[in-house]
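Asker: One structure is given below, represented as structure tokens, and several questions about it will come after.
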Amino acid sequence: MVLHGIPGFIVRRLLLGLLTLFLVSIVVFAATQALPGDPARAILGREATPDSLRALRAQLNLNHSAIVQYGDWLKGLLTGNLGTSLAARQPVSQVIGRRIVNSGFLMLLAAVISIPLAIVIGAVTARRRDSKFDHGMSVGLLGLAAMPEFVVAILLVVLLGTTVFQVLPPVSLIPPTDWPWQHMKEMVLPTLTLVIAVTPYISRIMRASMVEVLESEYVEMARLKGMSEHKVLWRHSVPNGIAPTIQVIALNLAYLAGGIVVVEFVFGYPGIGAAFVDAVSNHDIPVVQALAILIAALYVLLNLTADVVTILVSPRLRTSLK
Amino acid sequence: MSEAAAVPATPALVPASQPRPVVLLLHRSWRQARTKVGVGMVLLLVGIAVLGPFFAPHSPSAFVGAPFSGPMRHAWLGTDNLGRDVFSRFLWGGRSVLGLALAATAIGLVLGVTIGLFAAYSQAMGDDILMRAMDVILAFPSIVLALVAVATVGPQLWLLVLVVGITTAPRVSRVTRGSSVEIVNRDFIAAAEAIGEPRRKILLGEILPNVASPLLVEASLRLTYSVGLIAALSFLGFGVQPPAADWGLMINENRQGLTVQPWGVVAPVLAIALLTIGTSLIGDGVARASAGIERGGGDE
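Have a look at this one:
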């Protein structure tokens, strides 16, 4: 059966997403096969004894061919068995379980603040197009977007945490028994860093989209009817300006998945990003694999959602699929 | 405005007698104030990175005082976590960031342009396969891919350059393919094929010059990104290794003394910030000039 219209599009998009994830899993697995020589020896280093080598080889499933290893790993992945962390000697799911919540909360905070903020900035700069304010914002946002996250993070720490003002905690250590929302003061700087990282791009696209909307005939019509400029902007223009921006919003949320790696490391925030850096330092391959797949899956999922939502909210695309 | 009349309304092709589009584009870009500011910032930082070591008062590995001492007569920016001169290490620390980022960007450009051109020119099957492969690379945030590679092979500089180059390639190839796909079907390509020009010559001689403008914009964007990524990897401890002097690594080493001796962190942080802002301003200036030329209109 060939599906048409919107369901067909969603199914095709979903299959493409699954295919991408499958290829991603091969890449992640193959990367860990690239270990020169004996992986077990490379991981254990100088502490290797014949016994520990044998045990680790069995644990990593190294006694089988690469294809069997991959099959077992994929099966585990699909059934929720992510293997055992080499450093913590605990199941990977246990090591990263609570950290997923922490990272999720950080990303959620950043998204909830940056999306409305970017929409407002985009709308206002488009409304006051080519004014001094517009030019100033354009250069300012460009500069903020250019800096790597860790540079933004450290500048914020110097400015608000340690040197110029001492109003916010420069590190965001959260006790393992607490939830991050019990420590909102510690959340401010990491969240602010991520907001600075993603807001400029979204507001830029929002501005471009709003410039087009504000020149359209229905906006002219609304103005001619004598509608207040405020209402024209916020009630009639902004909702139409958002549709083309959704894709960029999703891309930037996906970008947060990469951004948390460095930001969590800077602030010592106990999320999956910091765990990823730790796992890389410790050669903890099972954790590296699990987190790489997790982050890539999030990335693919957000892109997929963006495509579907964009189709659903833009009438022109919707009808072209029928 | 006198030149604007000579600019064709379609994306500029390469008629033999007119100035080449890239020259025109650079000329237009230079008129943007932000391009000049960007060039100024980049020149300053490149100057520090390249010439700095000749002016360093101390060796980057010499111990000149107690760890984390504040600024003093013979160490203007104080000392670092081991008691070495921050100012000298700052002057030495730009070369690696700049060199590695340039190398990675160059690899990414060569790979991306090659793949993009082949995809556009081969169309159908080849196009699909190449672009899907690029999608897979794009399914990872660059830093995650780099860290997976480091986790297996270890912190090797050639590896970082290669991985950053590989993550740069898909974006470049998309831009190249996007702007060359329509040119591939133009008559002058068919004409070149008809007179039996070799494929390499068609790709590099006929198609590439026509996509140079969007590539220039993309290249500056990618360089900004590579500088950030390379510096971030050194900052995480997976890039340039101690005892080398490197801006990213310096930030990591001196972070613990931030409250008593901020200069060891602030100097390299400001350098990376200015460098990335500078390259990004240049890119934006070129992009604006390019958009202006395509509209066939005025300078803005």
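Chains V and F are the protein sequences, given in the same order. For the first sequence, our numbering gives the first residue as 124, with consecutive numbering after it. For the second sequence, our numbering gives the first residue as 113, with consecutive numbering after it. In this text, a Cβ means the ideal position worked out from N, Cα and C, and glycines have one as well. Please read these numbers as outputs of a predicted model, since none were measured by experiment.
#1: Is the beta carbon of ILE369 of chain V less than 9 Å from the beta carbon of VAL432 of chain V?
#2: Along the chain, where does the alpha helix (DSSP H) containing TYR378 of chain V start, and where does it finish?
#3: Identify each residue in the segment 265-284 of chain F for which the Cβ-Cβ distance to at least one residue of chain V is less than 7 Å, and report them in chain order.
#4: Could one say the Cβ of ARG146 of chain F lies closer than 9 Å to chain V's Cβ atoms, at least one of them?
#5: Report yes if the CB atom of ILE277 of chain V is closer than 9 Å to the CB atom of ARG196 of chain F, and no otherwise.
#6: Measuring only between beta-carbons, confirm whether ARG140 of chain F sits less than 9 Å from chain V.
#7: Could you give the distance in angstroms between the alpha-carbon of LEU348 of chain V and the alpha-carbon of GLY396 of chain V?
#8: If I follow the unbroken alpha helix (DSSP H) through HIS359 of chain V, where does it start and stop?
#9: Pull up the DSSP beta-bridge partners for MET184 of chain F, would you.
#10: Taking a cut of 8 Å between CB atoms, which residues from the segment 324-352 of chain F lie near chain V?
#11: How would you list, in chain order, the residues of chain F whose beta-carbon sits under 8 Å from the beta-carbon of SER208 of chain V?
#12: Does the ligand NAD have even one heavy atom less than 8 Å from the beta-carbon of LEU205 of chain V?
#13: Is it a yes or a no for the segment 243-255 of chain F touching the segment 305-325 of chain F, going by three-plus beta-carbon pairs under 8 Å?
#14: Might you give, ordered along the chain, the residues of its own chain that have their beta carbon closer than 8 Å to the beta carbon of ALA399 of chain F, omitting 5 neighbours on each side?
#15: Within its chain, find whatever has a CB closer than 7 Å to the CB of THR316 of chain V; leave out the 5 residues flanking it on each side and keep chain order.
#16: When you compare only the Cα positions, how much space is there between PRO303 of chain V and ALA373 of chain V?
#17: In angstroms, rounded to a whole number, what distance separates the CA positions of LEU167 of chain V and ALA377 of chain V?
#18: What residue from F:SER254, F:MET362 and F:SER402 has the CA that sits closest to LEU274 of chain F's CA?
#19: Is VAL423 of chain V close to chain F? Criterion is C-beta to C-beta, closer than 9 Å.
#20: Extract the residue ranges of the alpha helix (DSSP H) inside the segment 265-292 of chain V, only unbroken runs of 4 or more that lie entirely within it.
#21: Taking a Cβ distance cut-off of 9 Å, strictly less, list which residues of the segment 309-330 of chain V are near chain F, in chain order.
#22: Using a C-beta to C-beta distance shorter than 7 Å, which residues of chain F count as neighbours of PRO154 of chain V?
#23: Assuming MET333 of chain V is part of the alpha helix (DSSP H), what are its boundary residues?
#24: Alpha helix (DSSP H) containing ASN322 of chain F: first to last residue?
#25: Output needed for LEU209 of chain V: all residues of its chain with C-beta closer than 6 Å, excluding positions within five of it in sequence on either side, in chain order.
#26: Mind the definition here: the segment 390-405 of chain V touches the segment 321-330 of chain V only if three or more C-beta pairs lie below 8 Å; say whether that holds.
#27: Tell me the DSSP bridge mates of PHE202 of chain F?
#28: Which residues in chain C have a C-beta closer than 7 Å to the C-beta of VAL248 of chain F? List them in chain order.
#29: Taking a Cβ distance cut-off of 7 Å, strictly less, list which residues of the segment 382-400 of chain F are near chain V, in chain order.
#30: In whole angstroms, give me the CA-to-CA distance for LEU212 of chain F and VAL352 of chain F.
#31: Does any CB atom of chain V fall closer than 9 Å to the CB of ARG143 of chain F?
#32: Less than 9 Å between CB atoms is the rule here; does VAL133 of chain V satisfy it with respect to chain F?
#33: Name the chain V residues that come within less than 8 Å of PRO253 of chain F, Cβ to Cβ?
#34: Do you know offhand how far PRO127 of chain F's Cα is from ILE227 of chain F's?
#35: According to DSSP, is TRP252 of chain F helix, strand or coil?
#36: Is PRO298 of chain V helix, strand or coil by DSSP?
Answerer: Well, looking at it:
#1: Start at 1 with the first residue of the first sequence, and residue 369 of chain V comes out as number 246. Start at 1 with the first residue of the first sequence, and residue 432 of chain V comes out as number 309. For ILE369 of chain V and VAL432 of chain V, yes; Cβs fall inside 9 Å.
#2: As a working note, residue 378 of chain V is residue 255 in the first sequence. Counting along the chain, the alpha helix (DSSP H) containing TYR378 of chain V begins and ends at 369-390.
#3: VAL265
#4: On the second sequence, residue 146 of chain F is found 34 positions in, with the first residue counted as 1. It does; some Cβ of chain V falls within 9 Å.
#5: If you number the first sequence from 1, residue 277 of chain V lands on position 154. If you number the second sequence from 1, residue 196 of chain F lands on position 84. In this structure, ARG196 of chain F does not lie closer than 9 Å to ILE277 of chain V by Cβ.
#6: As a working mapping, residue 140 of chain F is identified with position 28 in the second sequence. Not an interface residue.
#7: Within the first sequence, residue 348 of chain V is the residue found at index 225, counting from 1. Within the first sequence, residue 396 of chain V is the residue found at index 273, counting from 1. This sequence places Lys at residue 348 of chain V; Leu is not what is there. Cα to Cα, the separation comes out at about 53 Å.
#8: As a working mapping, residue 359 of chain V is identified with position 236 in the first sequence. Looking at the DSSP string, HIS359 of chain V is not in any alpha helix (DSSP H), and its letter there is neither H nor E.
#9: Position 72 of the second sequence, counting from 1, holds the residue named residue 184 of chain F. Beta-bridge pairing links MET184 of chain F to F:ALA187.
#10: THR336, VAL339, GLY340, LEU341, ALA343, ALA344, PHE347, LEU348, GLY349 and PHE350
#11: Taking the first residue of the first sequence as position 1, residue 208 of chain V is located at position 85. The premise fails here: SER208 of chain V is roughly 13 Å from chain F at the closest Cβ pair, so nothing lies under 8 Å.
#12: Among the ligands in the structure shown, none appear at all, so the ligand NAD cannot be discussed.
#13: no
#14: Taking the second sequence and counting its residues from 1, one reaches residue 399 of chain F at position 287. Within the same chain, ALA399 of chain F has close Cβ partners VAL329.
#15: Against the first sequence, residue 316 of chain V aligns to sequence position 193. Correct list, in chain order: GLU272, VAL275, ALA276, LEU279 and VAL386.
#16: One-based indexing of the first sequence puts residue 303 of chain V at position 180. One-based indexing of the first sequence puts residue 373 of chain V at position 250. Straight-line Cα distance between these residues: approximately 24 Å.
#17: As a working note, residue 167 of chain V is residue 44 in the first sequence. As a working note, residue 377 of chain V is residue 254 in the first sequence. Each residue's Cα considered, the two are about 34 Å apart.
#18: If you number the second sequence from 1, residue 274 of chain F lands on position 162. Taking only the C-alpha atoms, the option nearest LEU274 of chain F is F:SER254.
#19: One-based indexing of the first sequence puts residue 423 of chain V at position 300. It does; some Cβ of chain F falls within 9 Å.
#20: 272-279
#21: none
#22: In the first sequence, counting from the first residue as 1, residue 154 of chain V sits at position 31. Correcting the residue type first, residue 154 of chain V is Ala in the shown sequence and not Pro. Per Cβ cutoff of 7 Å: VAL260, ALA261 and THR264.
#23: If you number the first sequence from 1, residue 333 of chain V lands on position 210. Counting along the chain, the alpha helix (DSSP H) containing MET333 of chain V begins and ends at 307-337.
#24: Position 210 of the second sequence, counted from the first residue, corresponds to residue 322 of chain F. Segment: none, ASN322 of chain F is in no alpha helix (DSSP H) and carries neither H nor E.
#25: Counting from one through the first sequence, the residue named residue 209 of chain V turns up at place 86. ASP407, listed in sequence order.
#26: no
#27: Residue numbering aside, residue 202 of chain F sits at position 90 when the second sequence is read from its first letter. DSSP, once it has assigned bridges, lists no residue as partnering PHE202 of chain F.
#28: No chain C is part of this structure, whose protein chains are labelled V and F.
#29: ILE384, ALA385, THR388, ILE389, SER392, LEU393 and ASP396
#30: The count along the second sequence starts at 1 and reaches residue 212 of chain F at position 100. The count along the second sequence starts at 1 and reaches residue 352 of chain F at position 240. Cα to Cα, the separation comes out at about 10 Å.
#31: Numbered from 1 along the second sequence, position 31 holds the residue referred to as residue 143 of chain F. So, not an interface residue.
#32: Working through the first sequence from its first residue, we reach residue 133 of chain V at position 10. Looking at the sequence shown, residue 133 of chain V is not Val but Ile. Not an interface residue.
#33: Your numbering for residue 253 of chain F matches position 141 in the second sequence. ALA377, TYR378, ALA380, GLY381, GLY382, VAL384, ILE418 and TYR422, listed in chain order.
#34: Position 15 of the second sequence, counted from the start, is the residue given in the question as residue 127 of chain F. Position 115 of the second sequence, counted from the start, is the residue given in the question as residue 227 of chain F. Here the model assigns PRO127 of chain F a pLDDT of 49, short of 50, so the residue's position is not dependable and the matter cannot be decided.
#35: Counting from one through the second sequence, the residue named residue 252 of chain F turns up at place 140. Note that residue 252 of chain F is Phe in the sequence shown here, rather than Trp. Reduced to three states, the DSSP call for PHE252 of chain F is coil.
#36: The residue you call residue 298 of chain V lines up with position 175 of the first sequence. Here PRO298 of chain V sits in coil by DSSP.
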